[in-house]
Amino acid sequence: MERPNFRGHMKVLILDLLREPMHGYGIMAELEERYGMKLSAGTVYPILASLRRSGLIEVASKGEREKKTYVITEKGLDYLAEHAEDLAEAKRRMRAYKAFLELGGDELRTAFKELFESVDELTEEQREMVRRLFTGCARELRLILLGGERYERD
Numbered sequence: 001m002e003r004p005n006f007r008g009h010m011k012v013l014i015l016d017l018l019r020e021p022m023h024g025y026g027i028m029a030e031l032e033e034r035y036g037m038k039l040s041a042g043t044v045y046p047i048l049a050s051l052r053r054s055g056l057i058e059v060a061s062k063g064e065r066e067k068k069t070y071v072i073t074e075k076g077l078d079y080l081a082e083h084a085e086d087l088a089e090a091k092r093r094m095r096a097y098k099a100f101l102e103l104g105g106d107e108l109r110t111a112f113k114e115l116f117e118s119v120d121e122l123t124e125e126q127r128e129m130v131r132r133l134f135t136g137c138a139r140e141l142r143l144i145l146l147g148g149e150r151y152e153r154d
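Taken in order, the sequence shown gives residues 1 to 154; the numbers are from the UniProt record's numbering.
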């Protein structure tokens, strides 16, 4: 399976959001609300700068404390029209990501991170327990995805 292009997905999603004027933190909040994506300013603002340099967005206004509000340009609308399939795919992936999080994916991601950081300190017995857990979990997930009976543990 091809690795998704995160930056490319964010680019079209942000362009789509900017059909309505919005500031950077508003974009971050909207992406989190719609798709469960918690992006930092360090991710969003460079994308905004790139979109602006490309002429796909412009600064609509500057508010208090020089807070910029961005909006899509005609060139940006043309870009979205030309990349409608990319936008649809980005939205599909982000909806799937949000559903994954709602199923406990964030908890699982955190547990994997903790395991990865401490894997060198595991005893052989702990390693075997993790191996059995992963194998059983993978088997159950595949059965669920195939619509089969759930694997029952003793």
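For glycine and all other residues, C-beta sits at the position ideal for the given N, C-alpha and C.
Identity of the residues DSSP links to residue i by a beta bridge
i          : result
residue 69 : 23, 61
Straight-line Cα distance separating residue j from residue i
i           : j           : result
residue 125 : residue 110 : 22 angstroms
residue 22  : residue 143 : 44 angstroms
residue 24  : residue 80  : 19 angstroms
residue 154 : residue 135 : Low local confidence applies: a pLDDT of 42 at residue 154 is under 50, so the model's placement there is unreliable, with the coordinate-based value given in what follows. Approximately 15 angstroms, taken between the alpha carbons.
residue 141 : residue 65  : 50 angstroms
residue 95  : residue 118 : 32 angstroms
residue 103 : residue 93  : 15 angstroms
residue 51  : residue 108 : 34 angstroms
residue 137 : residue 131 : 10 angstroms
residue 16  : residue 100 : 23 angstroms
residue 3   : residue 122 : Confidence in residue 3 is poor, its pLDDT being 42 and thus under 50, which makes the residue's placement unreliable; the coordinate value appears in the next sentence. Near 31 angstroms, if we compare the C-alpha coordinates of residue 122 and residue 3.
Beta-carbon separation (whole angstroms), residue i vs residue j, contact threshold 8 angstroms
i          : j          : result
residue 98 : residue 36 : 4 angstroms
Distance cut-off 6 angstroms: residue i Cβ against heavy atoms of the ligand PLP
i           : result
residue 102 : Of ligands this structure carries none, so the ligand PLP is not represented either.
Exercise for the section: Specify whether the segment 46-59 and the segment 71-79 touch according to this definition: at least 3 beta carbon pairs, one from each stretch, less than 8 angstroms apart. Expected result: Short answer: they touch.
Practice task
Any chance you could list the alpha helix (DSSP H) runs of at least 4 consecutive residues sitting entirely within the segment 72-124, in chain order?
Solution key: 74-82, 84-100, 106-118
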